[in-house]
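Student:
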Ligand code: GLA
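Residue numbers (the working numbering): 1182 to 1907.
#1: Exposed or buried, which one is residue 1319 when buried takes at least 16 other CB atoms within 10 Å?
#2: Rank 1446, 1757, 1500 by C-alpha distance to the C-alpha of residue 1394 and give the top, closest one.
#3: Tell me, please, whether the region 1185-1196 touches the region 1211-1223 by the rule of three or more beta-carbon pairs shorter than 8 Å.
#4: Tell me which residues share the same chain as residue 1757 and place their Cβ nearer than 6 Å to its Cβ, disregarding the 5 neighbours each side in the sequence.
#5: In chain order, what residues of the same chain have a beta carbon less than 8 Å from the beta carbon of residue 1720, not counting five sequence neighbours either side?
#6: What does the alpha-carbon distance come out to for the pair residue 1244 and residue 1419?
#7: Output the distance between the C-alpha atoms of residue 1865 and residue 1874, rounded to the nearest integer angstrom.
#8: DSSP three-state label for residue 1744, please.
#9: Does the distance between the C-beta of residue 1658 and the nearest non-hydrogen atom of the ligand GLA fall short of 7 Å?
#10: Please classify residue 1219: does DSSP put it in a helix, a strand, or coil?
#11: In three-state DSSP terms, what is residue 1254?
#12: Going by Cα to Cα distance, which pick from 1525, 1813, 1431, 1573 is closest to residue 1555?
#13: Identify every run of the beta strand (DSSP E) within the region 1607-1688, keeping only runs that are complete inside it and at least 3 residues long; order them along the chain.
#14: Would the C-beta of residue 1564 count as close to the ligand GLA, meaning under 7 Å from any of its heavy atoms?
#15: Ordered along the chain, which non-local residues of its own chain (more than five positions away) have a Cβ less than 6 Å from that of residue 1836?
#16: Distance check for residue 1454 and residue 1397, CA to CA, integer angstroms please.
#17: Run through DSSP, which three-state label would residue 1902 get?
#18: Beta carbon of residue 1557: closer than 7 Å to some heavy atom of the ligand GLA?
#19: Hey, how far is the Cα of residue 1851 from the Cα of residue 1743?
#20: Suppose only complete runs of 4+ residues qualify. What are the alpha helix (DSSP H) ranges in the region 1484-1536, listed by chain order?
#21: For the structure I just gave you, are there three or more beta carbon pairs, one from the region 1330-1343 and one from the region 1231-1249, closer than 8 Å?
#22: Determine the contact status of residue 1628 and residue 1612, defining contact as a CB-CB distance below 8 Å.
#23: Who does residue 1700 pair with in a DSSP beta bridge?
#24: Does the distance between the C-beta of residue 1599 and the nearest non-hydrogen atom of the ligand GLA fall short of 7 Å?
#25: As a quick exercise: from 1859, 1880, 1899, 1813, pick the residue whose alpha carbon is nearest that of residue 1843.
#26: So what does residue 1459 bridge to, in DSSP terms?
#27: In whole angstroms, what separates the C-alpha of residue 1804 from that of residue 1619?
#28: Is it buried or exposed for residue 1682, if we count other Cβ within 10 angstroms and need 16 for buried?
#29: Between the alpha carbons of residue 1710 and residue 1729, how many angstroms are there, rounded?
#30: Tell me whether residue 1661 counts as near the ligand GLA, meaning its Cβ is closer than 7 Å to at least one heavy atom of that ligand.
#31: With C-beta atoms as the reference, is residue 1387 less than 8 Å away from residue 1484?
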């Protein structure tokens, strides 16, 4: 619920569990008051003060308050050069050439529901689910208006924020910083928790205390990249996985992002999230407007786990727009690790036949089916079926696979082009490059200039002419390099600063067109593994390949990290032929994700085939619990050298699936495991042994699993326990 108190000028935005408050102060200054646990109070105006006025702090014109300076109070959308010396959310270069920016409150409106954001992925909700506040602010000198949008999702306990900037002045202006949201906190008693990584080691969780000064994560790669994820949590120092205060901030964006935190000399953190200002400059002619990507904020009193569970449910219900978000998805096998480029039609049909016998429902033909793509040196951009290699048309191959009762999926890398391709020979200028410079190569490929409509149109037409010829049920959309020598030949010099954002808008446009033209196709995003694992992609593709690293032990930290911000239903995870652990453990780890296979089913032993059949049965048995239940990270692989364990609990607390992986045999074999999130009053039956325990016992006393069959105690072994309330 959103309320405005005319007398105090306080806006109060409540969800079921949280309150957010800001105030229109004298002279239209917008001051942040509070974000946190729900408060019943109406008057929160005293929360704007952060100690006495400093002698070097600028005075605010016309403000009759000796304690007020834009330099020290928490500002709602801080601007550059007008009294606030901390990091600023908005900086506009006006016709005079300076970047002094000062937006003040002009008016507001409150309405049910939530508008979409033009050209950008964003959360959605109907009029019963959410309410929006739009605050209009103005900089009288440039004529720039910034509209601050806040949507509260009452039941989800989540807020979504974005900003629309309009040039109502008479001269062109340039946006140099246009962040999506600012979050101000009154103390630095927080740790910064975020996800870093690299290829084959994505989404590693790290946690460190906030320090005075600026700390930030960012991308300058054109894509989000595996190096940093556009997500930050601020966890109170003593907050744990299940207790204490945590703020989660996630940016729905797939390009150059920035999450910047400044702790000022008073020990007050300011967090900004949005487009990275480095290499960004956006020209707004009079009458033009610019919309920032959307930020999502969560406040949890139940530690990092509570934050993650809120985000998981929220993204499933209010971000993943695909028809497949909650529809049962087919269990797939992917050809990549089984065959790489070395396949033909018959081999794929054999894969499908063997997979079908195991209960697998879809075959994905990965890289290598088009042009003369027999290795990764060539043919990206030539999306024509290599009929010679497939031994017939795509339709013929798909029909053969379908006749076995197996669906068919296909791989694409639409944003890329190899210099050795017909497309490049016809349109060398379509590959991104700054004039007069050599292109830096990466995986033998270049990036297509997706800012240009004719480029997107050409790729779209090529894709449609393949996708419409055969019964394609799935696309893996890959992206295997980042952008260097960034420039577009189609943009004038004064608009080159728009390249990176226009690139992302171009990708979104193409994804939107493909998913709109083929709404029944299940899209899985991939970027050399989990290199573009971000909420923007989640909007279009309900699953994202988490990593090219399919080793089960390595996958534990990758999937645990990703689960901090992303639903388990989105984590692409397959059982591969990677031998470090047995196939049971590989299956148990992949079950903590979308689950699928990435191996040659013909090479499985008879014993392994039986295990796979049992895994397929478990995939179906636990499907709802894993996707729609609550996820608990019990022991994190980054914190414990021996074991990793986790748990799913159904929303009605009637069903529990517990999994443990032994990374290294523990010294102490007696380790009672205490479950979480159960109903203490209910009684749960261990499906395997028939023994019944109270929820209270399972949570407080725990279970000794050291003698559970003995099998799980070896390095790399794993164990599952399934409990059902009686
Ligand atoms: C990337 C992906 C892999 C595979 C290859 C194909 O590396 O992450 O899964 O699709 O490309 O070239």
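By construction, the Cβ of each residue, glycine as well, lies at the ideal position given by its N, Cα and C atoms.
Only a predicted model underlies this, so the values are computations on that prediction, with no experimental measurement involved.
Tutor: In short:
#1: buried
#2: 1446
#3: yes
#4: 1518, 1731, 1779, 1780
#5: 1302, 1303, 1433, 1500, 1501, 1502
#6: 39 Å
#7: Counting only the Cα atoms, residue 1874 lies some 5 Å from residue 1865.
#8: helix
#9: no
#10: coil
#11: coil
#12: 1525
#13: Complete beta strand (DSSP E) runs here, min 3: 1655-1658.
#14: Flag unset: Cβ of residue 1564 not near the ligand GLA.
#15: 1806, 1905
#16: 10 Å
#17: strand
#18: yes
#19: 30 Å
#20: 1484-1499, 1517-1520
#21: no
#22: yes
#23: Among the bridge pairs identified by DSSP, residue 1700 is matched with none.
#24: False, no ligand heavy atom lies under 7 Å from that Cβ.
#25: That would be 1899, whose Cα lies nearest to the Cα of residue 1843.
#26: Note: residue 1459 sits in no beta bridge, so no partner.
#27: 50 Å
#28: buried
#29: The C-alpha of residue 1710 lies about 5 Å from the C-alpha of residue 1729.
#30: yes
#31: In this structure, residue 1387 sits away from residue 1484, with a CB-CB distance that is not shorter than 8 Å.
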